[in-house]
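First the structure, in the form of structure tokens, and then the observations on it.
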Amino acid sequence: MNVTCADMAVVEVKFSRNIEFNSDQETEVSVKVEPVYGINENPEAENSRLMLSFTAGEEENKNNPFFCKIVIAGIYEWNGASAEDAEKEIMTTGIKQLMSFVTAYFHDLTLKSGLQPVILPPMEFDDVQ
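full-length UniProt numbering puts the first residue of the sequence shown at 1, with every later residue one more than the last.
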């Protein structure tokens, strides 16, 4: 099966730095990644959209050095496969593609805000359905 990413776009970015945060504090920042898959309503169109919402920190938590939300969307196309097979492929490879973009974008945001750049560890998405 041939699934390709036809287009990718950043839908939303929100980043705020907590300047009152004491950098000597050791803290854990929660990270949440949520994929949302949607297929084109036209059954003859072999394309779909995958949106990935990435959130690091909690917006109102003063014990976090920052809050970040990035939402990215990818448009995926395929030829000659069932919509179900394409969805399985997109939910594995598409999430990894979008997450690699989010990882780089997040690194740049933390660096440009004057913080030590944050490098996200690789994440496994094998159980996402």
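The beta-carbon is built from N, C-alpha and C at its ideal position, and this holds for glycine as well.
Minimum C-alpha distance to residue i - residue among the options
{"i": "His107", "options": "Ser100, Met99, Pro117", "result": "Pro117"}
{"i": "Ile95", "options": "Asn79, Pro35, Ser16", "result": "Pro35"}
{"i": "Arg49", "options": "Leu109, Thr93, Gly74", "result": "Gly74"}
{"i": "Glu31", "options": "Gln97, Val102, Met8", "result": "Strictly speaking, residue 31 in this sequence is Val, with Glu absent from that position. Selected option, being the one with the closest Cα: Val102."}
{"i": "Glu124", "options": "Asn61, Ala45, Thr93, Glu44", "result": "Thr93"}
{"i": "residue 150", "options": "Leu115, Tyr76, Leu120", "result": "Because the chain spans 1 through 129 in this model, residue 150 falls outside it and cannot be assessed."}
{"i": "Arg17", "options": "Ser82, Asn63, Pro122", "result": "Asn63"}
{"i": "Glu20", "options": "Leu52, Thr4, Asn61, Ala6", "result": "Asn61"}
Same chain, Cβ closer than 6 Å to residue i, five either side skipped, listed in chain order
{"i": "Val13", "result": "Ile70"}
Residues that residue i bridges to, as DSSP identifies them
{"i": "Leu52", "result": "Pro35, Ile72"}
{"i": "Ala9", "result": "Ala73"}
{"i": "Val3", "result": "Trp78"}
Exposed unless 16 or more other CB atoms sit within 10 angstroms - verdict on residue i
{"i": "Gly80", "result": "exposed"}
{"i": "Val10", "result": "exposed"}
Contact belief for residue i with residue j at Cβ below 8 Å, rounded distance in angstroms
{"i": "Thr110", "j": "Phe66", "result": "7 Å"}
Neighbourhood of residue i by C-beta, 7 Å cutoff - its chain only, sequence neighbours within 5 removed
{"i": "Ile119", "result": "His107"}
{"i": "Asn2", "result": "Trp78, Asn79"}
{"i": "Gln97", "result": "Cys5, Gly74"}
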